[in-house]
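In the working numbering, the protein residues as written are 366 to 646.
All C-beta atoms, glycine included, are put in the ideal place defined by N, C-alpha and C.
Values in this document were obtained by computation on a predicted structure and should not be read as measured data.
What follows is one structure encoded as C-alpha cells, with my remarks underneath.
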Ligand code: URA
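What follows is the structure in C-alpha cells.
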C-alpha cells in the first residue's frame, strides 16, 4: 500500500465509518496500517484506539471536525425515529413484495450507506421453513443474495444432507439487510432498527418451523442473552405481534463458526437430524 497522506486520510475516513479490514493481496487491519504511519503513531488520540475508533486528526481544522463528527453510535432520538419508521413500514406491508419494497426504500439503518446491495431473501416462501442468519457478508453484499459466500455454501451443503435446498424447500434471510462494514458484528442499534421489518418478514412467511443460524440471530430474535452453546439443541417457541400463532424455533451454530471450528460439525449434525425429525413429524 502506498504510504501517502491521501491514503492515510482515506483510511481514517473508513475507520470512522466502521470499516476495519482492507483487502489487498492479504486482508490487513486498517488500524494496523494507520499505526504504521509515524504521524499517526505520534498522536496521543490514536494510541490505544480500538478497531472501530477513528484515527487522530492531523490539522486543527480537522481536529475540530473530528470532535464534532458523529461517531459510530447514533443519537438516541434518531434510533427511536428509525425504529418507528421501520415499524410504520412493517405495519403497512401486507405481502412479501410490499415488505421487500419497504426494506429497499428504508433509509433508517446507516449500514445501507456503506452497502452495495440490499440483501432481502432467497428461497421458497411457500415452504414455510424459514432460516434467519445474522447479516450479509462480502459476497452477499456484492450479489444481493443471502448466504451465497463460503459460509452459505457450507450451510447449503449441510442442509442438502437432510434433503433441504433453497431452490425447493426452504427460505432464507437475515436479521440485517445490509452488510456491516468489514463484516463486523452488528450493533444492538442496527439489530433493533431492522427488527420490526424482520418481525413482519416472519409473519408473512408464517413458518411452520423457523431456524435461527448463529448466536446473533438467536439473541436478536429470541431476545435471549444466553450464548448459542447453551441454546442449541433445544426447541423454542416464538411469536411476535404480527403473528396469530407461535412457531417452534430450532437454533444452530453459524456455518462461519464451523469453518473455524470444524469439530462443532458433530453438534450441528445432531441439530440437523433433530430438524429433519421435526420436519417429517
Ligand atoms: N452470514 C450470514 O449470517 N448471512 C449471510 O447472508 C451470509 C453470511
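- Boundaries of the beta strand (DSSP E) around residue 538: 536-539.
- Three or more beta-carbon pairs separated by less than 8 Å link the stretch 592-600 to the stretch 628-637, which places the two stretches in contact.
- Looking at the DSSP output, residue 486 sits in a beta bridge with 538.
- Rounded to the nearest whole angstrom, the C-alpha separation of residue 514 and residue 532 is 16 Å.
- In this structure, residue 485 sits near residue 542, with a CB-CB distance shorter than 8 Å.
- Judged by their CB atoms, residue 523 and residue 570 are not nearer to each other than the 8 Å cut-off.
- Here DSSP, grouped into helix, strand and coil, assigns residue 608 to coil.
- The continuous stretches of beta strand (DSSP E) do not include residue 527, and DSSP gives it neither H nor E.
- Relative to the non-hydrogen atoms of ligand 1, the Cβ of residue 475 never comes closer than 7 Å to any of them.
- Residue 578 and residue 449 have their C-alpha atoms spaced approximately 26 Å apart.
- Going by C-alpha positions, residue 447 is about 17 Å away from residue 479.
- Residue environment for residue 471: buried (at least 16 other C-beta atoms within 10 angstroms of its C-beta).
- Membership of residue 498 in the beta strand (DSSP E) is indicated by the continuous run 494-498.
- Under the DSSP assignment, residue 628 falls outside any alpha helix (DSSP H); it carries neither an H nor an E label.
- Taking the C-beta atoms as reference points, residue 585 is found nearer than 8 Å to residue 556.
- Of the residues 444, 455, 587, 445, the one whose Cα lies closest to the Cα of residue 565 is 455.
- Distance from the CA of residue 588 to the CA of residue 609, rounded to the nearest whole angstrom, comes to 19 Å.
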